[in-house]
Ligand code: NZQ
Ligand code: ZN
């Protein structure tokens, strides 16, 4: 186990009816900007609950933060927030609304163009306080300091380190209206978040391994049940908490991480608009196929503990485990090959070019370069 310093300041407020707690958590003298996506919150009662809880507050609303939030939209929110002198932000939506609001929180205290903050690739220290009401379990953004922002004009998408929310409210009932594709993407995203922190080498930490495997086992158990009935509160509560726990720092204490699959996935979204979780379902099996010589021991441990795959030679077991993983993503209702999305060699060329320009070297061994990304993607055709 490596040395580490860990602090996660986010207050988690979870359960039925908990949106009403908003008025206990936000100081009454704050001028609050509430940020939303495209309108799903108007169809599932979330908007009404938020408005009721904040009826005595001075509020301004900003609508239209789109999936894979764009700098073009967020600039408008920053102008509005500055004009109205807001000093508290409440993001109500999925990861995109939360991420976008993290950039707004920084942009409100920055005089230049907020895209500079994304390109700087440095942690942002000065932010307006923000909180979240989460409507889509997937990204963990409700309990971490990451955000991923896109630029529509240049077709770029980059992660950056932002501020943590002060608190996040998670009511599993708000997930009942999620479209099946978003549930599939959310489960895939959660699964791969665990993998990016787990699928490296063995014997770094028994505890981190077992926490990770616990989340993976939970997802494997609940995924088919959710497909049958997404109105089951207990199932959705486990899904929601799994997603939060998968990317709030708890499973990466003192261990190495990978994140190459995510970096390749972001390029597929930037170039083709594919949903984030879907890109991971395509790329992650490819990462395992190509990096099996480096990750072999951990693949075997994962296969045994999560899928109960224990027989056959080392190579046969690894083959079976990778196939089983890809099958799991398919069982969610996602395609797992680039050609199924009509993505071909020209996109692979472009991703290799982009990785080369930035001297990319991702993964725990810093060996996922442009050339390696090409090999991984070619195995996903
Ligand atoms: O915009 P609305 O109308 O709200 O609809 C959204 C959107 O169309 C809809 N939706 C959300 N909650 C709903 C709902 N529909 C019905 N009922 C509900 N309860 O779902 C659609 C997708 O929402 P979005 O927020 O885009 O999805 P997600 O939460 O998966 O967020 C994806 C973004 O997060 C980034 C991704 O790259 C992507 O940009 N990520 C952020 C991370 C982080 N901050 O740590 C880590 C992740 O790896 C990821 O990269
Ligand atoms: Zn992700």
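Numbering (the numbering used here), first residue to last: 6 to 386. Cβ coordinates follow ideal geometry from the N, Cα and C atoms, glycine included.
First and last residue of the uninterrupted beta strand (DSSP E) at residue 98: Numbered from 1 along the chain shown, position 93 holds the residue referred to as residue 98. First-last of the beta strand (DSSP E) with residue 98: 93 to 98.
contact_flag[the region 154 to 170, the region 327 to 340] where n(CB pairs < 8 Å) is 3 or more: no
Supposed contact pair residue 385 and residue 342 - C-beta distance, whole angstroms, cut 8 Å: For the purposes of this step, residue 342 is taken as the residue at position 337 of the chain shown. For the purposes of this step, residue 385 is taken as the residue at position 380 of the chain shown. Residue 342 to residue 385, Cβ: 6 Å. Contact.
Alpha carbon of residue 132 to alpha carbon of residue 283, nearest angstrom: Within the chain shown, residue 132 is the residue found at index 127, counting from 1. Within the chain shown, residue 283 is the residue found at index 278, counting from 1. Approximately 31 Å, taken between the alpha carbons.
Exposure label - residue 201; buried when at least 16 CB within 10 Å: For this step, residue 201 is matched to residue 196 along the chain shown. Counting Cβ neighbours within 10 Å, residue 201 comes out buried, since at least 16 surround it.
Nonlocal neighbours in the same chain, by C-beta distance under 6 Å from residue 37, ignoring five residues either side: As a working mapping, residue 37 is identified with position 32 in the chain shown. Result list for residue 37: 62, 64, 93, 95, in chain order.
Pair within 8 Å by beta-carbon distance, residue 173 and residue 17: In the chain shown, counting from the first residue as 1, residue 173 sits at position 168. In the chain shown, counting from the first residue as 1, residue 17 sits at position 12. Closer than 8 Å, so yes.
8 Å Cβ cutoff, residue 174 in contact with chain B: The structure shown has no chain B; it contains just one protein chain.
Endpoints, the alpha helix (DSSP H) within which residue 85 is located: Here residue 85 refers to the residue found at position 80 of the chain shown. Run containing residue 85: 76 to 88, per the alpha helix (DSSP H) assignment.
Beta strand (DSSP E) segment containing residue 166, residue limits: Working through the chain shown from its first residue, we reach residue 166 at position 161. Start and end: 161 to 166.
Sheet register partners of residue 156 (DSSP bridge): For this step, residue 156 is matched to residue 151 along the chain shown. Residue 156 pairs with 161.
Supposed close pair residue 223, residue 194 - CB separation, criterion 8 Å: The sequence position of residue 223 within the chain shown is 218, counting from 1. The sequence position of residue 194 within the chain shown is 189, counting from 1. Actually they are not in contact, since the Cβ atoms of residue 223 and residue 194 sit about 15 Å apart, beyond 8 Å.
Delimiting residues of the alpha helix (DSSP H) encompassing residue 357: Here residue 357 refers to the residue found at position 352 of the chain shown. Residues 350 to 362.
Proximity to residue 270 [Cα-Cα], best of 260, 290, 183, 220: For the purposes of this step, residue 270 is taken as residue 265 along the chain shown, with counting starting at 1. The shortest Cα separation from residue 270 among 260, 290, 183, 220 belongs to 290.
Any non-hydrogen atom of ligand 2 closer than 7 Å to residue 285 Cβ: Here the question's residue 285 lines up with position 280 in the chain shown. Yes - ligand 2 has a heavy atom lying nearer than 7 Å to the Cβ of residue 285.
Residue(s) in a DSSP beta bridge with residue 21: Taking the chain shown and counting its residues from 1, the one referred to as residue 21 is at position 16. Residue 21 pairs with nothing; no bridge assigned.
Close-in-space but distant-in-sequence residues of the same chain around residue 77 (CB under 6 Å, 5 per side omitted): Within the chain shown, residue 77 is the residue found at index 72, counting from 1. So the qualifying residues of the chain are 157.
Spatially closest choice to residue 276 from 367, 355, 19, 204, by CA coordinates: Taking the chain shown and counting its residues from 1, one reaches residue 276 at position 271. Among 367, 355, 19, 204, the Cα nearest to that of residue 276 is on 355.
8 Å Cβ cutoff met for residue 27 and residue 55: As a working mapping, residue 27 is identified with position 22 in the chain shown. As a working mapping, residue 55 is identified with position 50 in the chain shown. Result yes, Cβ atoms of residue 27 and residue 55 sit closer than 8 Å.
Own chain residues within Cβ distance below 7 Å of residue 247, not counting five before or after: Taking the first residue of the chain shown as position 1, residue 247 is located at position 242. Within the same chain, residue 247 has close Cβ partners 195, 220, 223, 224.
Residues near residue 309 by beta carbon distance below 6 Å, same chain, minus five either side: Here residue 309 refers to the residue found at position 304 of the chain shown. Same-chain partners within the cutoff: 315.
Secondary structure of residue 38, DSSP reduced to three states: Counting from 1 along the chain shown, the entry for residue 38 is found at position 33. Strand, per DSSP.
Through-space distance from residue 21 to residue 238, alpha-carbon basis: Within the chain shown, residue 238 is the residue found at index 233, counting from 1. Within the chain shown, residue 21 is the residue found at index 16, counting from 1. One C-alpha to the other measures close to 9 Å.
Collapsed DSSP secondary structure at residue 64 in the structure displayed: Indexing the chain shown from 1 puts residue 64 at position 59. Strand at residue 64.
Residue span of the alpha helix (DSSP H) that contains residue 284, given as start and end: Counting from 1 along the chain shown, the entry for residue 284 is found at position 279. Per DSSP, residue 284 belongs to the alpha helix (DSSP H) from 281 to 295.
Assigned secondary structure, residue 174 (DSSP; H/G/I helix, E/B strand, else coil): Working through the chain shown from its first residue, we reach residue 174 at position 169. Strand, per DSSP.
Alpha-carbon spacing of residue 226 relative to residue 69, whole angstroms: Taking the first residue of the chain shown as position 1, residue 226 is located at position 221. Taking the first residue of the chain shown as position 1, residue 69 is located at position 64. Looking at the two C-alpha atoms, the distance is approximately 35 Å.
C-beta contact flag for residue 369 and residue 205 at 8 Å: Your numbering for residue 369 matches position 364 in the chain shown. Your numbering for residue 205 matches position 200 in the chain shown. Yes, Cβ-Cβ distance for residue 369 and residue 205 is below 8 Å.
With 16 other Cβ atoms within 10 Å as the buried cut-off, status of residue 395: One cannot answer for residue 395 here, as it falls past the ends of the chain, which runs 6 to 386.
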